[in-house]
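Asks: Sharing a structure here in structure tokens format.
Residue numbers (this note's numbering): 166 to 629.
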């Protein structure tokens, strides 16, 4: 079973969140509304009771300070139509009019209808017949008593219930509309969020199939999507560079091996055909080509091991001054034979590193400096400490490096002097090995150079 797509999950999550929130709000609103409407009904009921009291008192005055039977009956019948049962007594306690006597059946039916209406609308509604007695006073004198009966503690009329029903219908309609809007908004938001992800997936698949020039357009949206876009574009660029390097490496290896193999082939074929005799000189020539091939393969193996992170560093305390003094002894004869002055002034700084690997770094740099410095020139090695790192500089007065070559100087098989071959210019991977070893130590190697003014290679290593 395939997992649910992110867009569907986001849409569903947004819908559920809105649904739960609206349900909670609706529940709270419905409870608040019911309570407010209940208070409204009670207040309206009390107001009507006070109104009946005021009406009887004012009409008594209008009737000439006496009770008018027809007028009293009119008020009583009107009250009955509103759900109130009136019993009027004079100041002596004599009953002047009683709704129960006037129409007992109608009173019972009205109370039964109200009870049924309330109990059908509200489960477990506790209500029943309730009666309030009020004294009627005019000009400070009692003129009688009125008993007002009703279904209490409160009741709703048909109009009230119709209003509540309509209100609940509107709430339900609002809920349905909100759910629909939530679903649409959830889909739109999910599409907005997952659209860039979908495009990122499509682009990464194309990159995986070898289309390293494909790029994602900058996305407007959350920072995470922008970071994802930048990461994928950086990955594509990095893979493109790696693919270019791989192809270049294949071409370079083929080029580097082609010459010695061709020489070997031609020499061996000549000796097999009898054109040449297999004498000492020709065998030594063949052996020299084999040695060059073997050296190239070893250099490549070493560089590959370093770049793949398989380089094992035997770290120990390394005194850079003592290290450079040993290297100086090994190079004195070579520098003297070419008439190039070597001056080493390195402070006694101790770092943690692999002695053999660091020796190889400075041997390669000094060998390059000697190779590209003309007779009568000089090479100087010096150091300085800045903060928690030390920088060892190898400066020569050689031919210098062109600006267009500086950016590629640490790439494998790259030679700034195109006229040099492997025999005269080395394998072309010495500086690549230098860079990899220095970076494996957590350091950095840089170069500054101008044509005709020499070069300065700087190796910066951490002191900790």
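Backbone N, C-alpha and C define an ideal beta-carbon position, used for all residues, glycine too. Note that this is a predicted model, so its numbers are computed, not measured.
Considering only residues of the same chain and omitting the five flanking positions on each side of residue 629, which have a CB-CB separation below 8 Å?
Replies: For residue 629, where only same-chain residues beyond five positions count, the Cβ hits under 8 Å are 517 and 553.
Asks: If contacts are defined as beta-carbon pairs under 8 Å, then residue 308 and residue 225 qualify, I think. What distance do you get, rounded to the angstrom?
Replies: Yes, they are in contact, since the Cβ atoms of residue 308 and residue 225 sit about 5 Å apart, within 8 Å.
Asks: The alpha helix (DSSP H) that contains residue 238, what's its start and end?
Replies: Unbroken alpha helix (DSSP H) run through residue 238: 234-246.
Asks: Answer yes or no: does any C-beta atom of chain D fall closer than 7 Å to that of residue 418?
Replies: This model lacks chain D altogether, as it is built from one protein chain only.
Asks: Do you know how far the Cα of residue 425 is from the Cα of residue 529?
Replies: 23 Å
Asks: Hey, out of 600, 617 and 176, whose CA is closest to residue 352's CA?
Replies: 176
Asks: State the start and end residues of the unbroken alpha helix (DSSP H) segment that holds residue 274.
Replies: 269-286
Asks: Check each candidate in 214, 561, 218 and 507 and name the one with the smallest Cα separation from residue 619.
Replies: 561
Asks: Output the distance between the C-alpha atoms of residue 479 and residue 521, rounded to the nearest integer angstrom.
Replies: 9 Å
Asks: Taking contact to mean 3 or more Cβ pairs, one atom from each stretch, closer than 8 Å, check whether the segment 213-227 and the segment 181-198 are in contact.
Replies: Using a C-beta cut-off of 8 Å, the segment 213-227 makes no contact with the segment 181-198, since fewer than three inter-stretch Cβ pairs fall below that distance.
Asks: Just the C-alpha distance for residue 208 and residue 201, rounded to the nearest angstrom, thanks.
Replies: Distance between the alpha carbons of residue 208 and residue 201 is about 10 Å.
Asks: Residue range of the beta strand (DSSP E) that residue 575 falls in?
Replies: Unbroken run through residue 575: none, as it is neither H nor E.
Asks: With distance defined between alpha-carbon atoms, name the residue in 239, 190 and 317 nearest to residue 203.
Replies: 317
Asks: Could you round the C-beta distance between residue 511 and residue 547 to whole angstroms and report it? I think they count as a contact, below 8 Å.
Replies: That belief holds up - the Cβ atoms of residue 511 and residue 547 are roughly 7 Å apart, short of 8 Å.
Asks: Quick one: using the 10 Å Cβ neighbour count with 16 as the cut-off for buried, is residue 392 buried or exposed?
Replies: exposed
Asks: Unbroken beta strand (DSSP E) runs of length 3 or more, entirely within the segment 510-534: which are they?
Replies: 515-519
Asks: Provide the residue(s) that pair with residue 196 in DSSP beta bridges, ordered along the chain.
Replies: Within the DSSP secondary-structure output, residue 196 pairs in no beta bridge.
Asks: Given residue 262, which residues of its chain have a CB within under 8 Å of its CB, disregarding the five upstream and five downstream residues?
Replies: 234, 237, 238, 241, 251, 252 and 253
Asks: Per DSSP, which one or two residues make a beta bridge with residue 623?
Replies: 558 and 611
Asks: Going by DSSP, what residue range makes up the alpha helix (DSSP H) through residue 597?
Replies: 595-605
Asks: Taking only the alpha-carbon atoms, compute the straight-line gap between residue 365 and residue 597 and give it to the nearest angstrom.
Replies: 34 Å
Asks: Rounding to the nearest angstrom, what Cα-Cα distance links residue 396 and residue 371 in this structure?
Replies: 15 Å
Asks: Tell me whether residue 302 sits in a helix, a strand or coil according to DSSP, three-state version.
Replies: strand
Asks: For residue 198, which of 515, 331, 375 and 615 has the nearest alpha-carbon?
Replies: 331
Asks: Considering only residues of the same chain and omitting the five flanking positions on each side of residue 558, which have a CB-CB separation below 6 Å?
Replies: Setting aside the 5 residues that flank it on each side, residue 558 is surrounded in the same chain by 547, 621 and 623, each with a C-beta closer than 6 Å to its C-beta; the list follows chain order.
Asks: Run through the DSSP bridge pairs and tell me what residue 311 is partnered with.
Replies: For residue 311, which the question treats as bridged, DSSP gives the partners 253 and 299.
Asks: From 627, 567, 433 and 415, pick the residue whose C-alpha is nearest to that of residue 482; which is it?
Replies: 627
Asks: Measuring only the C-alpha atoms, how far is residue 563 from residue 387?
Replies: 53 Å
Asks: Measure the alpha-carbon distance for residue 419 versus residue 385 and round it to whole angstroms.
Replies: 47 Å
Asks: Exposed or buried, what is residue 355 when buried is set at 16 or more other beta-carbons lying within 10 Å of its beta-carbon?
Replies: buried
Asks: Across which residues does DSSP place residue 262 in a beta bridge pair?
Replies: 253, per the DSSP bridge assignment.
Asks: Can you tell me where the beta strand (DSSP E) holding residue 482 begins and where it ends?
Replies: 480-484
Asks: Tell me the rounded alpha-carbon separation between residue 438 and residue 432.
Replies: One alpha carbon belongs to residue 438, the other to residue 432, and they sit about 10 Å apart.
Asks: How about residue 315 and residue 248: are their beta carbons less than 7 Å apart?
Replies: yes
Asks: What's the gap between the Cα of residue 566 and the Cα of residue 613?
Replies: 9 Å
Asks: DSSP three-state call for residue 551: helix, strand or coil?
Replies: Here residue 551 carries a strand assignment [DSSP, helix/strand/coil].
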